[in-house]
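Q: I have a structure I would like to understand better, so I am pasting it below and will then ask my questions one at a time.
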Amino acid sequence: MADTLEKIVALVDGSEYSHSVCDHAAWVASKIGGHVVVAHILGRREAKADRSGNIGLGARTKLMEDLAALDEERAKLNQVRGRAILEDAEARIAAAGVSVSTVLRQGDLLAELATLAADAELVVIGKRGEAADFAKLHLGSNVERVVRSCEKPILVTSRAFKPVESFALAFDGGTSSLKAADHVANAKLFQGLPGQVVTVGTQTAEAKQKLDGAAALLSGAGLEITASFVDGQPETAIAGLVGDEGADMLVMGAYGHSRVRSLIIGSTTTEMVRSAHVPLLLFR
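Note that our numbering has the sequence shown beginning at 225, numbered continuously upward.
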């Protein structure tokens, strides 16, 4: 059955966001007729420094044996914990009536994800991981790494799931925002959802032509769309589009067309991922 459904990869790590990842993945699957592959990826075991120093040979040998035994036990516990995380995720998604399977991998996150997501429709990940500092609203480093590397759309979840009944597309005419607009126009996920397409900045003839083109693309796909310009800094202006009084999901390119492509995601995107209280669907 899973082979005939759109594949959605959901990354879980046992953090507070894991339930939200499961709920968002289940929602996507129910909208597009999808199968969720829940993945927990264990990082490669870090090499241990030899701290035995000038300890006598016999004692040193015993110490190294003990350290090896501890490493082995830790690896076993991580496997057990990983399977428990996946079992919980599988049960939560299955309870929503969605097709689901699980994968436990060990290795480099990005390499494993590239394999898993090769034939996927999108990837779902929590905004912050298990080690994040919520008091400082720290953006999980793995989120940035995934957005930088993954070719598939990335759905970065909010802390808790709420029904998505509308969306906003932040559009700047750049390559990644054009990709986002094309995806929205062709994806089952957005069918039946009203949306707004917004460009932040001064209205020029060129900018208006691009905005009108994006709006026409979405309207032509049967979506109920409004289009507008808003003034202000992108981070502040875009934040005003979503949340309690705005859209339930933000769609945007990860890189603005006016920024040089670098090894970090665009500053506007980073700030939106950090501060937004709605899920973000990001495109490279």
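Ideal placement from N, C-alpha and C gives every residue a C-beta, glycine not left out.
Note that the structure is predicted; figures quoted are calculated from it, not measured.
Roughly how many angstroms separate the alpha carbons of residue 375 and residue 230, rounded to a whole number?
A: The count along the sequence shown starts at 1 and reaches residue 375 at position 151. The count along the sequence shown starts at 1 and reaches residue 230 at position 6. Approximately 16 Å between the Cα atoms of the pair.
Q: Is it buried or exposed, residue 511, if we count other Cβ atoms within 10 angstroms and call 16 or more buried?
A: As displayed, the chain neither begins before 225 nor continues past 508, which places residue 511 out of reach and without an answer.
Q: Could you work out which residue in 391, 377, 454, 448 is closest to residue 426 when comparing CA atoms only?
A: Locating residue 426 in the sequence shown gives position 202, counting from the first residue. Answer by Cα proximity: 454.
Q: Taking Cβ to Cβ, would you say residue 369 is nearer than 9 Å to residue 334?
A: Numbered from its first residue, the sequence shown carries residue 369 at position 145. Numbered from its first residue, the sequence shown carries residue 334 at position 110. Against a cut-off of 9 Å, the Cβ pair of residue 334 and residue 369 comes out as a contact.
Q: Would you give the residue range spanned by the beta strand (DSSP E) that residue 344 belongs to?
A: As a working mapping, residue 344 is identified with position 120 in the sequence shown. It is not in any beta strand (DSSP E) - residue 344 carries neither H nor E in the DSSP assignment.
Q: In chain order, what are the residue ranges of uninterrupted alpha helix (DSSP H) at least 4 long that sit wholly in the region 402 to 477?
A: 429 to 444, 458 to 463
Q: Is it the case that the Cβ atoms of residue 339 and residue 264 are separated by a distance below 9 Å?
A: Position 115 of the sequence shown, counting from 1, holds the residue named residue 339. Position 40 of the sequence shown, counting from 1, holds the residue named residue 264. Residue 264 sits away from residue 339, with the two beta carbons spaced by 9 Å or more.
Q: Identify the residues that DSSP records as bridge partners of residue 391: which are they?
A: By one-based count along the sequence shown, residue 391 stands at place 167. Paired residues: 419, 473.
Q: Write down every uninterrupted run of the beta strand (DSSP E) in the region 227 to 260 whose length is 3 residues or greater and which is fully enclosed by it, in chain order.
A: Correct list: 230 to 235.
Q: Would you mind giving the Cβ-Cβ distance between residue 405 and residue 465, rounded to the nearest angstrom? I have them listed as a contact below 8 Å.
A: The residue you call residue 405 lines up with position 181 of the sequence shown. The residue you call residue 465 lines up with position 241 of the sequence shown. Not confirmed; about 15 Å, so no contact.
Q: Can you look up residue 397 in the DSSP assignment and give me helix, strand or coil?
A: Taking the sequence shown and counting its residues from 1, the one referred to as residue 397 is at position 173. Residue 397: coil per DSSP, three-state reduction.
Q: Using the rule of at least 16 other Cβ atoms within 10 Å of the residue's Cβ for burial, across every protein chain shown, is residue 436 buried or exposed?
A: Counted from its first residue, the sequence shown places residue 436 at position 212. Exposed.
Q: Please state whether DSSP places residue 382 in a helix, a strand or coil.
A: Your numbering for residue 382 matches position 158 in the sequence shown. Residue 382: coil per DSSP, three-state reduction.
Q: Who pairs with residue 330 in a beta bridge, going by DSSP?
A: Here the question's residue 330 lines up with position 106 in the sequence shown. Note: residue 330 sits in a beta bridge opposite 266.
Q: In terms of alpha-carbon separation, which member of 319, 236, 255 lies closest to residue 389?
A: For the purposes of this step, residue 389 is taken as the residue at position 165 of the sequence shown. Among 319, 236, 255, the Cα nearest to that of residue 389 is on 255.
Q: Distance, Cα to Cα, residue 411 vs residue 398?
A: By one-based count along the sequence shown, residue 411 stands at place 187. By one-based count along the sequence shown, residue 398 stands at place 174. Rounded to the nearest angstrom, the two C-alpha atoms are 20 Å apart.
Q: Leaving out five residues before and five after residue 305 in sequence, what residues of the same chain have Cβ atoms less than 8 Å from its Cβ?
A: As a working note, residue 305 is residue 81 in the sequence shown. Excluding sequence neighbours, residue 305 sits near 238.
Q: Go ahead and label residue 351 buried or exposed: buried means 16 or more other beta carbons lie within 10 angstroms of its beta carbon, across all protein chains shown.
A: Indexing the sequence shown from 1 puts residue 351 at position 127. Flag for residue 351 reads buried.
Q: Run the CB neighbour count on residue 396, radius 10 Å, all protein chains shown included, and call it buried at 16 or more, exposed below.
A: Here residue 396 corresponds to residue number 172 of the sequence shown, with the count starting at 1. Buried, by the Cβ-count rule.
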